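Trainee: The following block contains the structure, expressed as structure tokens.
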Amino acid sequence: MQSAFASGETIISNASATTELKIATTISDISINGVGDDNISVKLLVTSGMLSMTTTTNLTFKDANGNVVSNPQTGSTLYFSGLRSDVNAALATLQYTRNTTGTDTLEISLVNPGEVFFSGNDHLYEYVSSTLDWNAAKTAAEGRTKYGATGYLATITSQEENDFVSARLLNAGWMGAGDMATEGTWKWVTGPENGTTFCIGNISCVPQGGQYTNWNTNEPNDSGGNEDCGQFLAGGSGKWNDLPCSGTTLPGYVVEYGSSGNMPSVAAANIDITTSDTTAPTTPGTPSATTPTTDNTPTVSWTAASDAGVGLKNPAYTLEWSASPTFSSVSGSSTTNSTSLAPSTLADGTWYFRVIASDSSDNTATSGISGGIIIDTTPPTTPSMPSAGVEWTNDNTPTWNWTPSVDSGVGLAYIAYAVEWSQDTSFFGLGGTAGILEADSYTIPDGLNMSDGTWYFHIKGIDALGNESPWSDYGTVHIDTMLPVISTVAAGAGSSASKEVITWTTDKNSSSKVTYGPTSSLGTSTTETDTSTRVQNHSVTLTNLVPCSIYHFTVTSQDIAGNLTTSSDNSFITKGCAGSADVVLHTDMPITTTGGSLNLGSIGVRVPSGFASTGADFQIKQINRTHAINAIGSPFGVILAGTTVYDIKALKNGTTALTSFNKPITIILHYDDSDVALLDETSLAIYRWDEGVGWTQLSDCNVDNTAKTVTCTTRHFSTFALFGAQKIANYTVDTSGNAADSSDDEPTGTDQNQTKTTDVGVPNTSSDTSDKNTTSSQKKAAAQTAGLQDIVWWCVGAAIVLWVTWLLIWRRRRKKQDEAK
């Protein structure tokens, strides 16, 4: 607090005050103390701001000339008067407003309008509005008194005093300076400085002894040769000019009160006011930028800040960036007056931005932190070399596979890959191109089929920002859709009973495979061969075949591209029939476990349900009788009926024949009269020949001489034929001992009703005929030797009985052996 005293009045105030820019701030703790509630006059003055009071009750306001005004509550200079209590009430509401930062002084003095008290020297100054020349003004000033002091035309001895006084002048006015004694020697000629030379010279008046001067440009100039007195110029510039001392008038003059022993008693106080701007600008908008982006100097934008105080600084904004979402560290910054800025080059990654707005007082406001701005200029990794999985293929829409690209930035794009295929390794002429979703394979679409030839395929990855990897190494595939052409299929070269060699040719190098089986359904395949080195001449050997069996087969060849051709159905019959006989006729039929039948020429096979646990292919082959019978002979005592010998098989698969049946299989053989012309029909029976055993008559044979059939059963298959005993003509013996042929008139043949017929068989291994016709001479010879024949046939009959007995014993043993197996 400070006090200033004059005439018993005391001004109490603080020495300083702080105000906020552009904000009306109360200057508190100012009061006028004194005795009683006297009427007092107050002058308030500031040079850089505005004063206002919200309470002015009972106060009278005047201008600098003392004219009453209508209660002005604002201004840089306030003159008012009133009772001390009303004055203090008003001063309690005094506020100061300034639109620029800086310092100012609030001058409080208890003076009348037009009076100025300068605390720098405790002098009082007064501008008197009166049109006088210098001489008259000097006289008038020296006749004025204020607050116990006598006045004089003002003298200025310092810059501070000059500034203080000039700022308060109402108009141009006379001062106490002159060179009337000696032209060009300027002296103060009034007041305590009377007689002091302060400068010498015209146009450029040189200060003397460190004295203060403030002449206007090219002044003093003694214009007209009679300008010997000084003046303050109008306008508050503080500049001086020289004018004639008489004959020239000014609208006023400046009176100064204060000299040693003659000081004015003025109550005054000064308050130093510092106006600052501590209010931050408004907060700029949170910055943003395109994200993700390949631009490593992305343009970051924000909405502007504003500052109601000193205004935004130049530059107004600082853009900062960091790799930390919390700005734990600042990676870089840049300044601008704009609301957008491209930072210096940033590395790939996620970046965060904030903006700091600064005003001219360096108050700052910081925006929010942007979301992560992703910068990605790095392409994905290059996919691996694509592969179609094969070097050669017949698929002209092959599927290509690769190891996918990896992108550590924004990730792969929705259309993640570009693919191209061409028959040119430079990919100048494209067969096709496509953009595909994120995947690790691509199938050439049907509409873009690859033609036969060599194709190349490559791929590149694309990330979500369009960064592209280099093209991969190209994959290669050879496409061939032409099927091999098979020709000259043959069987039999180097064949044996259990082996068959199949040969064929193809028009292009291909593999070899045979599929075979007892029926056209095939069922067994050889291992595909000639795959490492494919061939055009093919040979495949089938082994473990069943002798004397029908086999169907196809041949298959596949080229390196996978084109596969299979021949039509072919067949062969393995060797190994009885007596190595050739097959004359054949047939076969698959029969399931429910049974069935099969016929070939004069033979039929009836297969009952449940004959075995699995179905089989039943085969009947008529083999060459001559070769067969010559090799294996005929059953003892019987003759082949007709000219046919059959091989019958039942094959489970390509290598296994059924050796026995759960139920007997019925075999029916048809014959005609010519087949049995020399045979006794009642003796007809079907015989089976087995390797190592010979001929065995089948069981349950039945002869139907009406239907001309012989029906027998068997439990396993081999070689079969119809045999019968030779028919002997009836004879009688007369008393002379001559045999009479009682059948001379009988036709050749068999008569079931001839009870005296002797059914005796004679071995006959003829391979050409069964003695179908017997000549009449033979009949006569037989009759003539009847007696002898009786003896012979009796011996033969006895031998047959022994032989049959032995055969039955052997068959029982063999059957037991078979059952044991």
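Numbering of the sequence shown is given in this note's numbering, commencing with residue 1341 and proceeding in unit increments. Glycine is no exception: its CB is placed at the ideal position from the N, C-alpha and C atoms. As the structure is a prediction and not an experimental result, all values here were calculated from the model.
Looking only at its chain, what residues have a beta carbon closer than 7 Å to the beta carbon of E1523, apart from the 5 residues adjacent to it on each side?
Mentor: Around E1523: D1562.
Trainee: Using CA atoms only, rank isn't needed, just tell me which of S1879, H1926, P1532 is closest to D1870.
Mentor: Comparing Cα positions, the closest option is S1879.
Trainee: For V1427, which of helix, strand or coil comes out of DSSP?
Mentor: Helix.
Trainee: How is the beta strand (DSSP E) around R1484 delimited, first residue to last?
Mentor: Neither: R1484 is in no beta strand (DSSP E) and is coded neither H nor E.
Trainee: What is the residue span of the beta strand (DSSP E) that V1923 lies within?
Mentor: Looking at the DSSP string, the run of the beta strand (DSSP E) that includes V1923 is 1923-1931.
Trainee: Reducing DSSP to helix, strand and coil, say where G1374 ends up.
Mentor: Looking at G1374 - three-state DSSP - the assignment turns out to be coil, as it is neither helix nor strand.
Trainee: Count the C-beta pairs between the region 1532-1546 and the region 1409-1421 that are closer than 8 Å, then say yes if the count reaches three, no if not.
Mentor: Touching, no, given that fewer than three Cβ pairs across the two stretches are closer than 8 Å.
Trainee: Taking only three categories from DSSP, how would you classify N1973?
Mentor: Reading the sequence as shown, one finds Gly at residue 1973 and not Asn. In the structure shown, G1973 sits in coil (DSSP, three-state: anything other than H, G, I, E or B).
Trainee: Please classify D1582 as buried or exposed, where buried requires at least 16 other C-beta atoms within 10 Å of its C-beta.
Mentor: Per the 10 Å Cβ criterion, buried.
Trainee: What is the residue span of the beta strand (DSSP E) that S1897 lies within?
Mentor: Where S1897 is concerned, the enclosing beta strand (DSSP E) stretches over 1890-1898.
Trainee: Which partner residues does W1732 have in the DSSP bridge list?
Mentor: Per DSSP, H1818.
Trainee: Are T1843 and V1854 closer than 8 Å when you measure CB to CB?
Mentor: Contact flag unset, no.
Trainee: Could you tell me which residues DSSP pairs with S2162 in its beta bridges?
Mentor: Nothing can be reported for residue 2162, as the shown portion of the chain is limited to 1341 through 2161.
Trainee: On the DSSP letters alone, give me the boundaries of the beta strand (DSSP E) that D2030 sits inside.
Mentor: 2025-2030 is the extent of the beta strand (DSSP E) around D2030.
Trainee: What residue range is occupied by the uninterrupted beta strand (DSSP E) comprising S1937?
Mentor: From DSSP, the beta strand (DSSP E) with S1937 extends over 1936-1940.
Trainee: Whole angstroms is fine: what's the gap from D2015's alpha carbon to L2009's?
Mentor: Using only the alpha carbons, I get a separation of about 12 Å.
Trainee: Identify the residues that DSSP records as bridge partners of N1849: which are they?
Mentor: Paired residues: none, contrary to the question.
Trainee: Buried or exposed, going by whether 16 or more other CB atoms sit within 10 Å of the CB of E1466?
Mentor: Looking at its Cβ environment, which holds 16 or more other Cβ atoms inside 10 Å, E1466 is buried.
Trainee: DSSP state of H1967, grouped into three classes?
Mentor: Three-state DSSP puts H1967 in a helix.
Trainee: Below 8 Å on the Cβ atoms is my guess for T1906 versus P1824; work out the distance and round it to an integer in Å.
Mentor: With 8 Å as the limit, T1906 and P1824 do not qualify as a contact, their Cβ atoms being about 10 Å apart.
Trainee: Quick one: measure Cβ to Cβ for T1722 and S1745, integer angstroms, because I've assumed they're closer than 8 Å.
Mentor: The Cβ separation is near 7 Å, so the contact holds.
Trainee: Taking all protein chains shown into account, decide if Y2200 is buried (16 or more other Cβ within 10 angstroms of its Cβ) or exposed.
Mentor: With the chain covering 1341 to 2161 only, the question about residue 2200 has no answer from this structure.
Trainee: So, helix, strand or coil for F1667, using DSSP?
Mentor: In this structure, F1667 counts as coil in the three-state DSSP scheme.
Trainee: Evaluate contact between the region 2023-2038 and the region 2051-2062, counting only Cβ atoms and requiring at least three cross-stretch pairs below 8 Å.
Mentor: At 8 Å Cβ cutoff, the stretches touch.
Trainee: Just to confirm before moving on: does the CB-CB distance between S1421 and G1389 stay below 8 Å?
Mentor: Taking 8 Å as the Cβ cut-off, S1421 and G1389 do not qualify as a contacting pair.
Trainee: How is F1572 classed by DSSP in three states: helix, strand or coil?
Mentor: Reduced to three states, the DSSP call for F1572 is strand.
Trainee: Identify, in the order they occur along the chain, each residue of the same chain with its Cβ nearer than 7 Å to the Cβ of H2056, setting aside the five sequence neighbours on each side.
Mentor: For H2056, where only same-chain residues beyond five positions count, the Cβ hits under 7 Å are T1999, S2000, F2001.
Trainee: What distance in whole Å lies between the Cβ atoms of L1423 and N1373, which are believed to be in contact at a cut-off of 8 Å?
Mentor: About 14 Å separates the two Cβ atoms, so there is no contact after all.
Trainee: What do you get for T1359, buried or exposed, if any count of 16 or more other CB atoms within 10 angstroms of its CB means buried?
Mentor: Answer is buried; the Cβ neighbour count reaches 16.
Trainee: Decide yes or no for the touch test of the region 1687-1705 against the region 1613-1623: beta carbon pairs closer than 8 Å, at least 3 of them.
Mentor: Result yes; three or more Cβ-Cβ pairs closer than 8 Å.
Trainee: For the region 1646-1716, which segments carrying the beta strand (DSSP E) assignment without a break, of at least 3 residues, lie completely within its bounds, in sequence order?
Mentor: Here the runs fully enclosed are 1652-1662, 1672-1676, 1689-1699, 1704-1706, 1713-1715.
Trainee: According to the neighbour-count rule (16 or more other Cβ atoms, all chains shown, within 10 Å of its Cβ), is V1546 buried or exposed?
Mentor: With fewer than 16 other Cβ atoms within 10 Å, it is exposed.
Trainee: Let me make sure I understand the geometry here. Which of W1742, G1601, V1529 has the alpha-carbon closest to that of D1462?
Mentor: Of W1742, G1601, V1529, the residue nearest in Cα terms is G1601.
Trainee: Would you kindly check if the distance between the Cβ of L1399 and the Cβ of A1357 is under 8 Å?
Mentor: No, they are not a contact pair.
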